[in-house]
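K.L.:
Pasting in a structure now, in structure tokens, and then I'll have a few things to ask.
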Amino acid sequence: MALNFNQYAAEGNTFLKDYAKEMNLGEDRDKAGRILSSILHALRDIIPTEESLQLISQFPMFLKAIYVNGWTIKKERPKIKKMPDFIDLVRKHDGVSAVNDFEYSDDVAEQYIDTTFILLRKYISLGEMEDIRDGLPKDLKTMIYSNIMF
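Position one of the sequence shown corresponds to residue 138 (the numbering used here), numbered consecutively onward.
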């Protein structure tokens with residue numbers, strides 16, 4: 138299997154361009170990339186490692202790279218039970234940029250999370266989305282449940 142890094146970069150750039158457009162970020166691919174990365178990193182923090190591995194097996198290379206960048210597998214996962222807690226975790230992963238990226242608004246953050254899962258559905262099977270949803274706390278299931286049918 139030959140690795141075609143130019144193709145991976147082109148696919149990643151195309152995805153980020155479309156992602157920024159869907160998120161109403163204009164052409165700000167840097168902001169789109171930070172938001173995407175923060176949401177994926179928060180997700181990987183709260184789902185079991187085995188589920189993460191099943192998830193990334195379905196991702197194209199550019200999403201795999203984003204997902205695993207900086208990953209340290211920990212036995213203890215954060216106790217995230219409600220959407221505001223998940224949003225806080227997303228912001229934590231975004232670091233100092235979170236203030237600008239999420240506009241101090243939980244509604245904006247939740248909209249970004251919902252849109253992200255809708256767009257990821259292109260790459261993730263319905264069965265895998267259901268597996269992830271089933272492993273989430275009750276108050277977080279809607280994050281995926283409302284978006285898996287698209």
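Glycine is no exception: its CB is placed at the ideal position from the N, C-alpha and C atoms.
Give the list of continuous alpha helix (DSSP H) stretches no shorter than 4 residues that lie fully inside the stretch 185–214.
P.N.:
The stretch 185–214 contains these whole alpha helix (DSSP H) runs: 186–193 and 198–205.
K.L.:
Evaluate contact between the stretch 180–197 and the stretch 249–263, counting only Cβ atoms and requiring at least three cross-stretch pairs below 8 angstroms.
P.N.:
Output reads yes: the stretch 249–263 touches the stretch 180–197.
K.L.:
Measuring alpha carbon to alpha carbon, tell me which of L173, I250 and G232 ends up nearest V205.
P.N.:
Of the listed residues, the one whose Cα sits closest to V205 is L173.
K.L.:
Which word fits F287, buried or exposed, when buried means at least 16 other C-beta atoms lie within 10 angstroms of its C-beta?
P.N.:
Only weak support exists for where F287 lies, its pLDDT of 46 falling under 50; the value from the coordinates is given anyway. Burial call: exposed.
K.L.:
Starting from F152 and walking both ways along the alpha helix (DSSP H), at which residues does that stretch end?
P.N.:
From DSSP, the alpha helix (DSSP H) with F152 extends over F142 to E159.
K.L.:
For Y249, which of S234, A147, L273 and I224 has the nearest alpha-carbon?
P.N.:
Comparing Cα positions, the closest option is I224.
K.L.:
Can we say the stretch 181–189 touches the stretch 269–281, given the rule of at least three CB pairs closer than 8 angstroms?
P.N.:
Touching, yes, given that three or more Cβ pairs across the two stretches are closer than 8 angstroms.
K.L.:
How big is the Cα-Cα spacing for L192 and I281?
P.N.:
Taking the straight line from one Cα to the other gives about 14 angstroms.
K.L.:
So, using beta-carbon positions, are K219 and D276 closer together than 8 angstroms?
P.N.:
The answer is yes: Cβ separation under 8 angstroms.
K.L.:
Just reading off the alpha helix (DSSP H) that E265 is part of, what are its end residues?
P.N.:
First-last of the alpha helix (DSSP H) with E265: L263 to D271.
K.L.:
Closer than 7 angstroms by C-beta to N161: which residues in its own chain qualify, once you throw out the five before and the five after it? Chain order, please.
P.N.:
Taken in chain order, the list of residues that qualify is empty.
K.L.:
On the DSSP letters alone, give me the boundaries of the alpha helix (DSSP H) that R228 sits inside.
P.N.:
From DSSP, the alpha helix (DSSP H) with R228 extends over M220 to D231.
K.L.:
Judging by CA-CA distance, which residue of I210, F142, G170 and L140 is the nearest neighbour of K154?
P.N.:
The residue with the shortest Cα to Cα distance from K154 is G170.
K.L.:
What are the boundary residues of the alpha helix (DSSP H) that includes E164?
P.N.:
Per DSSP, E164 belongs to no alpha helix (DSSP H) and is neither H nor E.
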